[in-house]
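K.L.:
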Amino acid sequence: TPSFMISPERKSWHCFGCGKSGDIFTFVMEHDHLEFYEALKMLAEKTGIVLSGTARAEQRQLDVLFDINETAKDMFAAALAANAETRAYLRARHLTEETEREFDLGYAPYGVDECIRACIKQGHAIHDIVRAGIALPNDRGGYRDRFFGRIMFPIRNHFGKIVGFTGRILRDGDSDAKYVNSPETPIFKKSKILYGFHKSKEHIRTARSAFLVEGQMDFLMAWQDGMKTAVATSGTAVTPDHLAVLRRYADEIVIGFDNDG
Numbered sequence: 005t006p007s008f009m010i011s012p013e014r015k016s017w018h019c020f021g022c023g024k025s026g027d028i029f030t031f032v033m034e035h036d037h038l039e040f041y042e043a044l045k046m047l048a049e050k051t052g053i054v055l056s057g058t059a060r061a062e063q064r065q066l067d068v069l070f071d072i073n074e075t076a077k078d079m080f081a082a083a084l085a086a087n088a089e090t091r092a093y094l095r096a097r098h099l100t101e102e103t104e105r106e107f108d109l110g111y112a113p114y115g116v117d118e119c120i121r122a123c124i125k126q127g128h129a130i131h132d133i134v135r136a137g138i139a140l141p142n143d144r145g146g147y148r149d150r151f152f153g154r155i156m157f158p159i160r161n162h163f164g165k166i167v168g169f170t171g172r173i174l175r176d177g178d179s180d181a182k183y184v185n186s187p188e189t190p191i192f193k194k195s196k197i198l199y200g201f202h203k204s205k206e207h208i209r210t211a212r213s214a215f216l217v218e219g220q221m222d223f224l225m226a227w228q229d230g231m232k233t234a235v236a237t238s239g240t241a242v243t244p245d246h247l248a249v250l251r252r253y254a255d256e257i258v259i260g261f262d263n264d265g
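Here it is as structure tokens:
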């Protein structure tokens, strides 16, 4: 609503429409749906301020998670390039190699710790790999990969950084769950992330309209066919946070969910 007030003297703001108020940090967190340290880093970079040692240490803890997800993405992409069955499946679903590369699709091979070893090779500690949602403790006191035998869809935040993954089974007859997602981590909140939004947000802003679909494959096929205002909820229910993000860019939302209840 128009009823929004900023007080430079008090360094605060108040929205009479929704009743929320706060300082510059809470404004950026609310406006861009960021965690505190993401908002802090963004504001520091914009203003040329060097963060304190404590803030830098906290940010480093988040940066490690981003780096681990990047390493995992590269490992999955290399595995996809070496796996003819997965590439044939994607072609059968009419997904082009260009789209596959544009969105960094990958493959998590069958194995115990392929991704863990790739991350450790890059110098990452196992507790950070677990923290990133890439590894799980096993029942023998060791660790195993969270994802295996799956097509991998990297999930990027609204600034384009990889924060998690969705893994889809390659063979529909497999007894495992069809989709497995990264767990919630300090950088990944599934209820706040829209898949593909980092690509489509400017198209949505221009059109003032968004096409909301359910899954990654739905988004990729829509994007590939020219629907550049598409975004996906990654198989979860639409949340108030999803709608709040889209409301800032779009006046209308066209919903294209599967009719499967």
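Take the position in the sequence shown, starting the count at 1, then add 4; the result is the number in the numbering used here. Using N, Cα and C, we set each Cβ at its ideal position, and we do this for glycine too. Everything numeric in this text was worked out from a predicted model, so none of it was measured.
Going by Cα to Cα distance, which pick from A122, E106, K196 and P141 is closest to P113?
P.N.:
Stepping through the sequence shown from its first residue, residue 113 is reached at position 109. Nearest C-alpha to P113 among A122, E106, K196 and P141: A122.
K.L.:
According to DSSP, is P141 helix, strand or coil?
P.N.:
What you label residue 141 is simply residue 137 of the sequence shown in a count that begins at 1. Strand, per DSSP.
K.L.:
Distance, Cα to Cα, G239 vs H162?
P.N.:
Counted from its first residue, the sequence shown places residue 239 at position 235. Counted from its first residue, the sequence shown places residue 162 at position 158. Each residue's alpha carbon lies about 18 Å from the other.
K.L.:
Only counting the same chain, and skipping five residues up and downstream in sequence, which positions put a Cβ closer than 8 Å to that of V134?
P.N.:
Taking the first residue of the sequence shown as position 1, residue 134 is located at position 130. Excluding positions up to five away in sequence, the list reads L140, P141 and Y147.
K.L.:
Considering only their Cβ atoms, is the gap separating A241 from Y199 smaller than 7 Å?
P.N.:
Locating residue 199 in the sequence shown gives position 195, where the first residue counts as 1. Locating residue 241 in the sequence shown gives position 237, where the first residue counts as 1. Going by beta carbons, Y199 and A241 fall outside the 7 Å limit.
K.L.:
Here's the rule: buried if 16 or more other CB atoms are within 10 angstroms of the residue's CB, otherwise exposed. What is C119?
P.N.:
Within the sequence shown, the letter at position 115 stands for residue 119. By the 10 Å Cβ count, C119 comes out buried.
K.L.:
Quick check: A136 and L69, are their CB atoms within less than 7 Å of each other?
P.N.:
Taking the first residue of the sequence shown as position 1, residue 136 is located at position 132. Taking the first residue of the sequence shown as position 1, residue 69 is located at position 65. Contact flag set, yes.
K.L.:
Is A88 buried or exposed, if buried means 16 or more other CB atoms sit within 10 Å of its CB?
P.N.:
Looking up residue 88 in the sequence shown gives position 84. Exposed: under 16 other Cβ atoms inside 10 Å.
K.L.:
CB G23 to CB S7, shorter than 7 Å?
P.N.:
Residue 23 sits at position 19 when you count from the first residue of the sequence shown. Residue 7 sits at position 3 when you count from the first residue of the sequence shown. Not in contact: G23 and S7 (Cβ atoms no closer than 7 Å).
K.L.:
Closest to D27 by CA distance: which of D36, M33, H35 and S16 is it?
P.N.:
Residue 27 sits at position 23 when you count from the first residue of the sequence shown. Ranking D36, M33, H35 and S16 by CA distance to the CA of D27 puts S16 first.
K.L.:
What would DSSP say about L216, mapped onto helix, strand or coil?
P.N.:
Translated into the one-based positions of the sequence shown, residue 216 becomes position 212. Strand, per DSSP.
K.L.:
Would you say the stretch 200 to 212 touches the stretch 61 to 79, given that touching needs at least three Cβ pairs under 8 Å?
P.N.:
no
K.L.:
Is the beta carbon of P158 sitting closer than 7 Å to the one on F169?
P.N.:
Position 154 of the sequence shown, counted from the first residue, corresponds to residue 158. Position 165 of the sequence shown, counted from the first residue, corresponds to residue 169. In this structure, F169 lies closer than 7 Å to P158 by Cβ.
K.L.:
Tell me the rounded alpha-carbon separation between E62 and Y93.
P.N.:
As a first step, residue 62 must be located in the sequence shown, where it is residue number 58. As a first step, residue 93 must be located in the sequence shown, where it is residue number 89. E62 and Y93 have their C-alpha atoms spaced approximately 41 Å apart.
K.L.:
Pick out the complete alpha helix (DSSP H) segments inside the stretch 184 to 217, 4 residues or longer, and give them in chain order.
P.N.:
201 to 211
K.L.:
By a C-beta neighbour count over all protein chains shown, 10 Å radius and 16 as the cutoff for buried, is R105 buried or exposed?
P.N.:
The residue you call residue 105 lines up with position 101 of the sequence shown. Sixteen is the threshold: since fewer than 16 other Cβ atoms of the shown chains lie within 10 Å of the Cβ of R105, the residue is exposed.
K.L.:
With a threshold of 8 Å on Cβ separation, who are the neighbours of T100 within its own chain once the five nearest residues in sequence on each side are excluded?
P.N.:
For this step, residue 100 is matched to residue 96 along the sequence shown. Taken in chain order, the residues that qualify are Q228.
K.L.:
Quick one: Cα of N185 to Cα of E102, how far?
P.N.:
Here residue 185 is taken as the residue at index 181 of the sequence shown, counted from 1. Here residue 102 is taken as the residue at index 98 of the sequence shown, counted from 1. Roughly 24 Å separates the two Cα atoms.
K.L.:
Is the beta carbon of A234 less than 7 Å from the beta carbon of A226?
P.N.:
As a position in the sequence shown, residue 234 is number 230, starting the count at 1. As a position in the sequence shown, residue 226 is number 222, starting the count at 1. Yes.
K.L.:
Look up F20 in the DSSP assignment and say whether it is helix, strand or coil.
P.N.:
Mapped onto the sequence shown, residue 20 falls at position 16. Correct three-state label for F20: coil.
K.L.:
Which two residues bound the contiguous beta strand (DSSP E) that contains Y111?
P.N.:
Here the question's residue 111 lines up with position 107 in the sequence shown. Judged by DSSP secondary structure, Y111 falls within the beta strand (DSSP E) whose first and last residues are G110 to A112.
K.L.:
Can you tell me whether G265 is buried or exposed? The criterion is at least 16 other CB atoms within 10 Å of its CB, across all chains shown.
P.N.:
On the sequence shown, position 261 is the one that residue 265 refers to. Note that G265 scores 40 on pLDDT, short of 50, meaning its location in the model is unreliable; the coordinates nonetheless yield the value given after this. By the 16-neighbour rule on beta-carbons within 10 angstroms, G265 is exposed.
K.L.:
I believe L216 touches G260 by the beta-carbon criterion, under 8 Å. Please report the beta-carbon distance rounded to the nearest angstrom.
P.N.:
Here residue 216 corresponds to residue number 212 of the sequence shown, with the count starting at 1. Here residue 260 corresponds to residue number 256 of the sequence shown, with the count starting at 1. Sure, about 7 Å apart at Cβ, within 8 Å.
K.L.:
Under three-state DSSP, which class holds V54?
P.N.:
On the sequence shown, position 50 is the one that residue 54 refers to. In this structure, V54 counts as coil in the three-state DSSP scheme.
K.L.:
What is the DSSP secondary structure of A96, counted as helix, strand or coil?
P.N.:
Within the sequence shown, the letter at position 92 stands for residue 96. It is helical.
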